[in-house]
Each structure stands twice: as C-alpha cells, then as structure tokens.
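In terms of the working numbering, the sequence shown opens at residue 403 and continues consecutively. We put the CB at the ideal spot given by N, CA and C, even for glycine. Since this is a predicted model, take the numbers as computed values, not measurements.
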Amino acid sequence: MIKEKYIGIMSGTSFDGVDVVLCEIDATSCTLLESIEFPFPSELKSELLSMIVGQCTLEEVGRADHSLGLLFTEAVASLLVSYHIDASTVRAIGLHGQTLWHDPVGEYAFTLQLGDPNILTAKTGIEVVADFRRKDVALGGQGAPFAPAFHEFIFGNINGFISVVNIGGMANITVLAKTENDKLMGYDTGCGNVLMDMWITKHKNLSYDKDGAWAKSGEVDYALLDVMMSDDYFSLDYPKSTGREKFNEGWLDTCISNVGAKNDSHIPRPTDVQRTLLELTALSISNEVLKFNTDVALLCGGGAKNTFLVERIKALMPNVEVAIAQNADEIEAMTFAWLAYKRIHKEKVNLKDVTGASDNAILGGVYA
403 MIKEKYIGIM SGTSFDGVDV VLCEIDATSC TLLESIEFPF PSELKSELLS
453 MIVGQCTLEE VGRADHSLGL LFTEAVASLL VSYHIDASTV RAIGLHGQTL
503 WHDPVGEYAF TLQLGDPNIL TAKTGIEVVA DFRRKDVALG GQGAPFAPAF
553 HEFIFGNING FISVVNIGGM ANITVLAKTE NDKLMGYDTG CGNVLMDMWI
603 TKHKNLSYDK DGAWAKSGEV DYALLDVMMS DDYFSLDYPK STGREKFNEG
653 WLDTCISNVG AKNDSHIPRP TDVQRTLLEL TALSISNEVL KFNTDVALLC
703 GGGAKNTFLV ERIKALMPNV EVAIAQNADE IEAMTFAWLA YKRIHKEKVN
753 LKDVTGASDN AILGGVYA
C-alpha cells in the first residue's frame, strides 16, 4: 500500500494561529510527521473581525483573500524550511481557508472561506485542494462539521462506545458508530473558545486565558448562564452547525443586557463573565455527550489544553471517561491533509449523516 505525504492547513474561528501539518497517508492510516503553529498577524485578525461584523467593501474582501493566501504560503514555507522537507515529495496541500461567514440554512445557503489557493500553489509548486465545504452545502448539507469523518477514520477501531469532542473557536462532537448498522453522527455543540478569547482580549489584552486561570478566579453567574443556555441553538436537533456569525460579542452583550433587565440592572464582574463563559462551553459540551451515554469522550483542539475547562467537563459527566486525544492540537489540520488525500484519489467522504447532505460527495477543488 503506497503512502503519500500531504500537508494540511487549518486556521479556525479563534484566529489564534495557523496550524500546518505534514502527514503520511494511505487507505488505512494517517500518521503525523511534523507540525508547526504559525502566528496569525494581529492587524489581519482585526481586519477580518471588522469584516465579519459587516464593516467592509468588496475591495477589502479581495485584499483579505490575497493576504490570507500569502499568509498560508508563508506558513507552509516555514514548515518546509524548519524540517528540511523537499516540496517535490509532497503530493498535495489541503487548505481549509479562513471562514468569514457560515449560513447553510438561509434562503441562499452558503459558506465563505478566504485564502486564495492559486497563490499557494503558484509559490510552493505543490498542488492545492481547497473549497471543501461548498459542495456539501450545494447538496443540502450544513457544510460542517467535517471532523467526524476523519475521527471515524483514525478512532474507529478503538474498543468501546466513543465520542470525540473538538474544542476550537466552536466546539463539535462526533459520536462513532457503536455497531456496523449505526450511523456516524456529529454536529457543532456551540461555542468553544471563541467567546472566552474575545472577552479576555477585551479586558486583559491577552489572546487567550491560559489554563482558564482568569476564569478560575471568578464565580459562575447563574442568571447569565441560564440566559445563554436558553438560546434556541442549544435545543436545535442535529444536523446543525454554527460560527462567529452566531456566537459573537453582540450575542454576549445582548445576554448580559437581558440579565440586567431581569435583575435590577445587574452587571456581572468581567472575571465572573469569563468564568460563566467557560461554564457555558463545558455545559453545552457535556450536555451533548451525555445524550449518547458514551463510555469515553476524547477531547481535541486548542480547548483541550485549557486545564480548568477540562476539569469542569469531567466534573459535569463523572461517569464518562474523559481523555485527551493523541495529537489533540493537530487533529483539525490533519483532517484537511486527509481530505486532500480523499480528493486526489477521487473518493467520496462519509458525511451525509453528519451534515444532512443528500449524498456523500467528492469534496474540494484541485488547484495546480
């Protein structure tokens, strides 16, 4: 069985960095060889966040697409140079792109990722597979999450009834089939790190709350938690997916205002808001895991490094074995290396039961 090398690139809704991995892949395995986290420029992050709230022109969208293409190229070059990798040995690059908007259920359903793959292939000389999500949306699917198909590939042989929870900017759950007759399930549980990162940046000028230390210094505001958990998203049945267009600063401000309106202008302390946001992530994740009564929950993504968040997830479901997955922080980027492999080999991806698409499909366009 021939093994091929693929690069995967992922930059999620947290804008906290660009994850780049080199994997060796064949029909039965995906092995992580090398990885780096490339810094996300703060100025570009600010520009993209302004665009997400509607403050942009078409010219600015075009410039952002080009800037992201250059950023992803620099990130790949850094990987190649750091580990003395010959570009000619890499079969293809799987590029997720930077999501700016995700609306798979509107009248004109769409999902938008920027980062010009033409720039990446032109400057590296490596074929690029990109634009993975829109085919799924065209087939009536959510276009997300895609991680469950890869989770099935790499964790499917583990004994027991397994759920996998990826905690990035948003969080998603995968429920692996218990028997051959069961369907693969997966969906976004809600916000992961995105609101915690936003809040600590606003109040402490830090990009994230390391180990949940600031959150741990506060107390849960249960009135605020109740308002946030009452959002319709948490009671929606799957398939479902979400992003910054839903869970953002405006959403949080509205929740805080609603608490004040009900509780004599009550304004929670910033540290208590951070603590409550961490509890929101932990509770919304644990609620979904407990629905399926899985034996084990494997955590991955950047949130798996937040020790206090992991502690709270464990406390909320004491009868579930919670563990950190191997290569937890690289799994999302590995997903897109694997999806590039699937596209190059013209293989359909098992996602219809996850996203609600009418059929499984060959995903992504090839740029050479």
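Quick check on DSSP: helix, strand or coil for residue 493? strand
On the three-pair Cβ rule with 8 Å, is the segment 678-690 touching the segment 587-594? yes
Taking the alpha carbon of residue 548 as the point to measure from, which residue in 660, 656, 742, 508 has its own alpha carbon closest? Comparing alpha carbon positions, the residue from 660, 656, 742, 508 closest to residue 548 is 742.
3-residue-minimum beta strand (DSSP E) runs that sit fully inside the segment 650-707, ordered along the chain: 698-702
For residue 680 and residue 616, what's the separation of their Cα atoms in angstroms? 10 Å
Using CA atoms only, rank isn't needed, just tell me which of 466, 559, 423, 731 is closest to residue 495. 423
Going by DSSP, name the residue or residues bridged to residue 424. 409, 436
For residue 762, I'd like the list of residues in its chain whose CB is within less than 7 Å of its CB, leaving aside the five on either flank, ordered along the chain. 750, 751, 752, 753, 754
To which residues of the same chain is residue 802 closer than 8 Å at the C-beta, ignoring the five residues directly before and after it? Limits of the chain in this structure are 403 at one end and 770 at the other, which puts residue 802 out of reach.
Helix, strand or coil for residue 569, going by three-state DSSP, please let me know. strand
So does the segment 450-470 actually touch the segment 494-508, counting three or more Cβ pairs closer than 8 Å? yes
According to DSSP, residues forming a beta bridge with residue 723: 698
N- and C-terminal bounds of the beta strand (DSSP E) containing residue 512: 512-516
Going by DSSP in three states, residue 532 sits in which element: helix, strand or coil? strand
In whole angstroms, what separates the C-alpha of residue 474 from that of residue 576? 28 Å
For my contact list, residue 570 and residue 704 are in at a C-beta cut-off of 8 Å; report their separation, rounded to the angstrom. 6 Å
Member of 760, 746, 736, 768 whose CA lies at the smallest distance from the CA of residue 412: Looking only at 760, 746, 736, 768, the smallest Cα-Cα distance to residue 412 is reached by 736.
From which residue to which residue does the beta strand (DSSP E) around residue 504 run? 500-505
Through-space distance from residue 764 to residue 493, alpha-carbon basis: Approximately 18 Å between the Cα atoms of the pair.
Tell me, which residues are paired with residue 768 by DSSP? 531
Tell me whether residue 640 is buried or exposed, calling it buried when 16 or more other Cβ atoms sit within 10 Å of its Cβ. buried
Below 8 Å CB to CB, which residues in the same chain sit around residue 552 once its five sequence neighbours on both sides are set aside? 432, 733, 736, 737, 740, 741
Restricting to Cα atoms, I'd like to know which of 627, 637, 746 is closest to residue 660. Ranking the options by Cα distance to residue 660, first place goes to 627.
Jot down the residue ranges of each uninterrupted beta strand (DSSP E) in the segment 429-473, minimum 3 residues, whole runs only, in chain order. 432-440
Measuring straight from C-alpha to C-alpha, what distance separates residue 651 and residue 728? 32 Å
Considering only residues of the same chain and omitting the five flanking positions on each side of residue 674, which have a CB-CB separation below 6 Å? 620, 621, 623
Bridge partners for residue 590 per DSSP, in chain order? DSSP lists 574 as partners of residue 590.
Helix, strand or coil at residue 763 [DSSP, three-state]: strand
7 Å CB neighbourhood of residue 466 in its chain, flanking five on each side removed: 449, 450, 453, 516
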